[in-house]
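First residue of the sequence shown: 998, per my numbering; consecutive thereafter. Don't be surprised by glycine CBs; every beta carbon is placed ideally from N, CA and C. This structure is a prediction, so every number in the text was calculated from the model and none was measured. Only one structure is covered here, and it is reproduced in the block below.
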Amino acid sequence: MREDRKLRLAYNTPDELIFGEAVHPLRYGLGLQVGAGRVIPELKYWLPREQEEEVERLPELYTLLLREALDRGVNLGLEELQLDLELSYHLTLNPTLAGEVVEQHVALMEEYHSRYGIKLGLRVTVADIRGAKKVTTEEALAKMLESFEVCAERGANVLSIESIGGKVLFNESLIRGDLEGIVGSLLLATLDVGELWREIVRICGSRCLPGGDSACGFGNTAMILAGGVVKRQVPHVLAATVRAMTLPRTLRSFEEGAKGPGKDCAYENVYVKIITGFPVSMEGKSSACAHSSLVGNITASVCDLWSNEQVEGVRLYGGSAPATFLEILTYDTRLLNTAGEKGVKRELRDLLVASDAHRDPQAFILSPHSAFQIAREVVEEKEPYRRIIRAGSRALEIMGSTPQLHIPPAEQRYLQKLTLSLAQLPEQPSGLLSRLISKYGQKLPEHEKDLLRRL
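Here's what the structure looks like:
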């Protein structure tokens, strides 16, 4: 295991953080440059559900779906685009077939690049299938790593994953509002990310970029359960605290060698960009096809790629859903880039932040100013456990000390409860072991029990 080490921030002030610009821009694919001054759309798409079982036809079906989207893009005058092919359970279990789908993508990209000059890049996101019932954890991991290997061989430019180590403990803890269990689950996740990403970085080698992990299964689960202004199953201050505390587990993938661009559904990428300086993908209002949120504009303030999250290839009046959402992303990014050309980039960034920041705690902790404070807390620590606690503590502190932030009275009381709970956690992670095993041991899969025993 790599030695924990102290990090430094890549930026000196929050004002330096802005969309389309990264300290370490990346060049890959067919002429694509990310973080070099422009925001690039990242399109994610999924086959219609009834087609997912047509395993042998998947390469053909993906080609038809993607060709319609690319036709829409070039007809709009789109000059640059990243694709994110998220492998399904079936494709990850069948690395050979996954390789064929990737190969078809690469061929189509080369065709459109040659014919229209559009700059293109391909991210492939391998599914974490370790929770599947039909295969053991060991068999699932072997298939995942084989899929990474095959996708790298067949021409993927960026490899990512939304890993789920620690998720069962997280789910059990979240529904109980058990902050101790949530912290423990995120610590397990950090250990798991480290082990997984050492292998992914090795597989990528010099062939493609290790793009980074995403805490989608943690932070976004809390966000979805938190709901909106009226209906909420989880307190928003808890969801916001969870978001901040996911930073150390995603950051670990970069400590193991990930280079970005960070995965779009990792809203914690705001913090990751501040620490690493690598470009990140973000999602917001144009991912409403996948889920609702209260952070639709603010996330665009720091994005280098701008994504629709995921959309099924169904038919709409405007054409296929992926093609339609590519048009939405095209105009989103055109506005961001025009702001840069007209010299009003910072003004637009500030408007994107102001439109969301004080409406909800989940948005507030993603503002550049708040994110900078949380990132600074994390780099002061070397050990993941202390990083998680300090991220959560700082998030709670800045939420509780900002009068302009709208927090209902009931949630203000819950914020105080969370602050006290976090302060009462053991000094060392080993102190959590017996309590978590006692509360959740019978519910956890063997992989998570093994991680827990190593605290």
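| Item | Value |
| --- | --- |
| At least 3 beta-carbon pairs within less than 8 Å: the region 1264-1280 vs the region 1294-1311 | yes |
| Distance between beta carbons of Val1036 and Asn1334, contact taken as under 8 Å | 6 Å |
| Thr1133 - DSSP class collapsed to helix/strand/coil | coil |
| Ala1007 beta carbon less than 7 Å from that of Thr1273 | yes |
| For Met998, three-class secondary structure by DSSP | Residue placement at Met998 is poorly supported in this model, since its pLDDT is 39, which falls under 50; the coordinates still yield a value, given next. Looking at Met998 - three-state DSSP - the assignment turns out to be coil, as it is neither helix nor strand. |
| At least three beta-carbon pairs within less than 8 Å, the region 1193-1203 to the region 1172-1185 | no |
| Residue range of the unbroken alpha helix (DSSP H) whose run includes Ile1158 | Run containing Ile1158: none in the alpha helix (DSSP H); it sits in the beta strand (DSSP E), Val1155 to Ile1158. |
| Local conformation of Gln1030 per DSSP, three classes | strand |
| Counterpart residues of Met1279 in DSSP-defined beta bridges | Trp1303 |
| Unbroken alpha helix (DSSP H) run spanning Asp1353, endpoints | First-last for Asp1353: undefined, no H or E at that position. |
| Close-in-space but distant-in-sequence residues of the same chain around Arg1046 (CB under 8 Å, 5 per side omitted) | Glu1309 |
| Leu1058 versus Leu1094, Gln1370 and Lys1003, residue with shortest Cα-Cα distance | Leu1094 |
| Per DSSP, the bridge partner or partners of Thr1122 | Glu1083 and Ser1157 |
| Buried versus exposed, by CB contacts within 10 Å (16 or more), Asp1012 | exposed |
| Residue interval of the beta strand (DSSP E) (run including Val1227) | Counting along the chain, Val1227 falls outside any beta strand (DSSP E), and DSSP gives it neither H nor E. |
| Segment contact flag, the region 1252-1267 with the region 1221-1239, C-beta cutoff 8 Å, min 3 pairs | no |
| Reference Leu1014, options Gln1439, Arg1391, Gly1389 and Ala1368, closest by Cα | Ala1368 |
| Endpoints, the alpha helix (DSSP H) within which Tyr1264 is located | No alpha helix (DSSP H) contains Tyr1264, which DSSP labels as neither H nor E. |
| Cβ contact check for the region 1151-1161 and the region 1414-1426: 3 or more pairs under 8 Å | no |
| Touch test, the region 1382-1392 against the region 1237-1250, Cβ-Cβ under 8 Å, three pairs minimum | yes |
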